[in-house]
Structures are given as structure tokens and as C-alpha cells.
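Read the structure below first, then the notes.
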Amino acid sequence: MSAPHLELLHALPATATPGRLPLLFVHGSYCGAWVWAETFLPYFARAGFAAYAVSLRGHGGSEGELSLATLSDYVQDVRAAIGHLGGRCILVGHSMGGIVAQHCLSEGNEVAALVLMSSVPPSGLANSALTLMMSSPDLMVQFGLLQSLGPSAVSGDVIRRAMLSDATSDAEANRLLSRFQTESHCISLELMSPPPPRRPVPARPVLVLGGTSDPMIPPSDLRESATFYNADLEILDGAPHGLMLDSAWWQPTADRILAWLAAKGFSATH
């Protein structure tokens with residue numbers, strides 16, 4: 012079976028820096044590359060990075076069967092996007108896209124550095140699901156409706172509480188919700204206990220960041236990821252799950268990533 016045609020959004024700096032590695036952003040469940048195009052792609056381009064975002068198969072403008080897509084399929088999609096960029100990049104994964112990115116880091120040396128934003132940890136979502144079930148059972152119900160019936164069946168207020176802070180207006184939250192979609196049934200089950208990623212050899216720089224007001228990825232999951240990769244860890248007090256979409260948090264999050272890239276030498280050429 013041939014690989015599906017994938018949507019690859021981008022924003023490029025006004026002046027290219029020869030040798031500087033591009034950034035590739037990988038979205039989470041229920042959305043597409045558009046979540047990065049809202050703020051992150053143009054912001055990182057203004058900071059001098061060629062910034063790209065891929066829509067995994069069946070998401071956004073990408074072709075491909077969605078309902079039966081697996082973690083392995085999504086890893087194949089990201090690796091295809093990396094190849095399109097020239098074979099080496101800095102990978103940034105959010106939520107489900109974080110565990111996809113971890114598996115890409117495990118294979119080969121194309122990923123020079125990894126940023127995990129509100130990411131599914133190496134062990135999967137079992138701990139997160141239990142935490143969410145106990146603390147916010149209504150969110151579990153709403154995500155079940157989103158999975159089975161799509162965004163028109165979902166309460167904007169509840170999904171807003173899952174993804175965004177109070178700084179994001181109701182109108183903006185509703186606009187974003189209208190762009191969400193269903194997710195693969197296979198991946199939804201697989202993420203509960205995914206195959207474990209392998210630590211890369213040699214080790215590469217990893218940044219783990221997330222927020223204390225994220226109901227889906229608790230700080231304990233962030234610490235698990237950071238321990239697994241011996242990574243730098245930033246837990247942002249009050250930050251929500253949708254770090255790249257939230258009105259109050261997208262720029263502080265982006266600035267932290269830029270500062271980390273500079274500290275690791277990735278603002279220079281490689």
C-alpha cells in the first residue's frame with residue numbers, strides 16, 4: 012500500500028541561515044497541523060527557524076484512512092515528513108504527537124533534538140486516564156462524544172476546560188473547537204499501553220514541558236518522560252494542555268523552547 016499524501020504546513024524566515032536545522036511540529040489527537048499554524052509556525056520563523064507542521068494521515072488536509080491508523084502508521088508519516096525536509100530536524104511533539112515523536116527519536120539519527128509538550132509519556136495514558144476519570148469524569152464523557160460523533164456533539168465549555176485557560180475568550184475557544192475532528196479508534200486503544208520507545212544511542216537533547224492546569228497530562232507524567240530521557244524539565248504553573256493554542260500561554264511556551272534551543276546550540280548552524 013502506498014503512503015498517503017500528507018499536508019505539510021510551513022513558515023520560513025525572511026533570511027535563511029545555511030545549516031540551521033528546521034523544526035518539525037507534530038500535533039496531538041483530534042486535530043491537525045493547523046494547531047501550529049495559528050501561532051507557533053510564524054513565531055518560530057520570525058526567530059530564524061524554518062518551521063513545518065505535518066498533519067498525520069486522516070487529519071487536517073492529509074489523505075489516508077483514519078479509523079484504523081496505528082502508532083506505527085503515524086511514525087511512518089512523521090519519518091516521511093522528515094525525509095521531505097532533508098533528513099534531519101528538531102522534532103516537537105504535543106500530546107499524542109509526543110509519543111509519536113519519541114518513537115521517531117528511537118530510530119536512526121534524523122532527530123537531532125526533541126521537545127515534548129504536554130506529551131503522552133513512554134508508558135502511555137493509563138495513569139492519565141485514571142487521573143482524568145477521578146478528577147473530571149465529564150471530560151471523559153465529552154471526549155467519548157468527540158471520538159464517536161465529532162465536534163458538533165461536544166460541549167464547548169467542557170472541551171475548553173480540557174485544553175485552554177480562562178484567558179482565551181469563549182468566541183476563540185468555539186472557533187478552535189469547530190476545527191477538531193474524530194481520532195483513530197486503534198490509536199485511542201493503543202495509547203493506553205503503547206510499545207515502549209527506545210532511548211537513543213547516543214543520547215540527544217530532550218526538553219519536556221507542560222502545565223499544572225493540564226487535566227490530561229499530569230505533572231507525574233511529565234516527570235516520567237523527563238526521567239526516561241534524562242531530559243530538561245519545565246512545569247509551567249497554571250498552564251493548560253493546549254499550550255500552542257492558548258491566548259496567555261502560547262508565547263511564553265514558545266519563548267521557553269527558543270531559549271532552550273539557544274542554550275543547546277541549535278540557534279547556530281549544524
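So in the numbering used here, spot 217 of the sequence shown is number 228, and the numbers just go up one at a time. Ideal Cβ positions, reconstructed from N, Cα and C, are used throughout, including at glycine.
Helix, strand or coil: which one does DSSP assign to residue i?
{"i": "Tyr41", "result": "coil"}
{"i": "Ile246", "result": "strand"}
{"i": "Gly104", "result": "strand"}
{"i": "Ala58", "result": "coil"}
{"i": "Phe191", "result": "coil"}
{"i": "Gly97", "result": "coil"}
{"i": "Val20", "result": "Note that residue 20 corresponds to Leu in the displayed sequence, not to Val. Leu20 falls in the strand class under three-state DSSP."}
{"i": "Ala48", "result": "helix"}
{"i": "Leu35", "result": "strand"}
{"i": "Leu218", "result": "strand"}
{"i": "Val111", "result": "helix"}
{"i": "Ala91", "result": "helix"}
{"i": "Leu82", "result": "helix"}
{"i": "Ala274", "result": "helix"}
{"i": "Ala182", "result": "helix"}
Closer than 7 Å by C-beta to residue i: which residues in its own chain qualify, once you throw out the five before and the five after it? Chain order, please.
{"i": "Asp88", "result": "Leu17, Val65, Leu67 and Arg68"}
{"i": "Pro53", "result": "Ala22"}
{"i": "Gln158", "result": "Thr193, Glu194 and Ser199"}
{"i": "Pro15", "result": "Arg68, Ser73, Glu74 and Gly75"}
{"i": "Gly39", "result": "His105, Ser106, Met107 and Gly108"}
{"i": "Val86", "result": "Val111, His114 and Cys115"}
Can you find the residues in the same chain that come closer than 8 Å, C-beta to C-beta, to residue i, ignoring five residues on each side of it along the sequence?
{"i": "Ala92", "result": "Leu17, Leu19, Leu35, Tyr63 and Val65"}
{"i": "Arg172", "result": "Ser147, Leu150 and Pro226"}
{"i": "Met144", "result": "Met151"}
{"i": "Ala137", "result": "Met203 and Ser204"}
Is the Cβ-Cβ distance between residue i and residue j less than 8 Å?
{"i": "Ala259", "j": "Ala178", "result": "yes"}
{"i": "Cys197", "j": "Leu125", "result": "no"}
{"i": "Pro226", "j": "Ser278", "result": "no"}
{"i": "Pro33", "j": "Ala61", "result": "yes"}
{"i": "Met255", "j": "Val46", "result": "yes"}
For residue i, which residues of its own chain have a beta-carbon under 6 Å away from its beta-carbon, when the five flanking residues on both sides are left out?
{"i": "His70", "result": "Gly43"}
{"i": "Pro24", "result": "Ala56 and Gly59"}
{"i": "Ser176", "result": "Pro251, Asp257 and Ala259"}
{"i": "Pro5", "result": "Within the shown structure, residues of the chain are numbered from 12 to 281, placing residue 5 beyond reach of any answer."}
{"i": "Phe165", "result": "Here the sequence assigns Val to residue 165, which means Phe is not the residue at that position. Excluding sequence neighbours, Val165 sits near Gln153, Leu156 and Leu157."}
(message) Under 8 Å, with one C-beta from each stretch per pair, do the region 244–251 and the region 143–155 reach the 3-pair mark?
(response) no
(message) Count Cβ pairs between the region 210–229 and the region 126–143 that sit closer than 8 Å; are there 3 or more?
(response) yes
(request) Please go through the region 121–177 and give each complete alpha helix (DSSP H) segment of 4 or more residues, from N-terminal end onward. (result) 137–146, 148–160 and 167–174
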